[in-house]
Amino acid sequence: MFFCDFLETGVVYHIAPINDFKKILERGIGYKDKVSYKSKYIEFHNFLDSFRTSDIPDWVERQKAIFASMNFKKHPCFHAHSVILAVKVYPERCWIANENRGNQLYEPFILKDIKEFRSANHYLNTKGAAMALQYWKTSLSFQDNIKKRMDLVRGYDAEVMIFHPIPPEDIKPLFIVSDHRILTIDQWRRIFCI
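Per my numbering, the sequence shown starts with residue 21, numbered consecutively.
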């Protein structure tokens, strides 16, 4: 894995656009404080939330989550102009789901409203609905994941849904992804803060 395990570090990892970095350092992270929340994700979150099973606690709503990862593969690919942050969380206010299942639905959900891709609605209403249901059926509390370690199972890309604000003091900047280079904060400063 790219980082040491949660049991050693006590943190999970949040990726944010570099444009939000200053605000994050000053105010922390909330679930709807990024421009991309409304422009890219809220409708998709609502779609997945509509398949939430009755055994999932009421406080677990994707539309009110801050997203993070337990860890990354040895050689992750991150979007340029992003910042990678280590964040402390309250495990009792976090939930884990298989991001792979959600990611397979995002493009059809976004493209379904374009004339040439309207048939993606059929996919969403059939295979997509089954996949969304599995997204929730294979999800579990953060604390249960620490016992079962689904995040270490091949094919289960554990996304952490955080259901509490993250204050600045619980955030540690680790890397800046600059033109597809992953630079530590010190490396970035040596290059650009001469």
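Here a beta-carbon is modelled for each residue, glycine too, at the ideal position from N, C-alpha and C. For clarity, every value in this text was computed on a predicted model and none was experimentally measured.
**Item:** Bounding residues of the alpha helix (DSSP H) (the contiguous stretch that carries Phe176)
**Value:** Looking at the sequence itself, residue 176 is Tyr, so the reference to Phe does not match. Careful: Tyr176 lies outside any alpha helix (DSSP H) and carries neither H nor E.
**Request:** May I ask you to report which of helix, strand or coil DSSP gives Lys157?
**Result:** helix
**Prompt:** If you drop the 5 nearest sequence neighbours on each side, which residues of the same chain put their C-beta closer than 6 Å to that of Ile205?
**Reply:** Pro193
**Message:** Cutting at 6 Å between CB atoms, please list the residues of its own chain near His101, excluding the five before and the five after it.
**Reply:** Ile38
**Asked** Starting from Asn141 and walking both ways along the alpha helix (DSSP H), at which residues does that stretch end?
**Response** Ala140 to Tyr143
**Item:** Cα-Cα separation between Cys24 and Lys93, rounded to whole angstroms
**Value:** 11 Å
**Neighbourhood of Leu153 by C-beta distance below 8 Å, restricted to the same chain and skipping five residues each side** = Phe71 and Thr73
**Prompt:** Quick one, are the C-beta atoms of Tyr33 and Ala106 less than 8 Å apart?
**Reply:** yes
**Request:** Could you spell out where the alpha helix (DSSP H) holding Lys135 opens and where it closes?
**Result:** No alpha helix (DSSP H) contains Lys135, which DSSP labels as neither H nor E.
**Asked** Hey, how far is the Cα of Arg138 from the Cα of Ala149?
**Response** 16 Å
**Prompt:** DSSP puts Ala36 in a beta bridge; with which residues?
**Reply:** Val103
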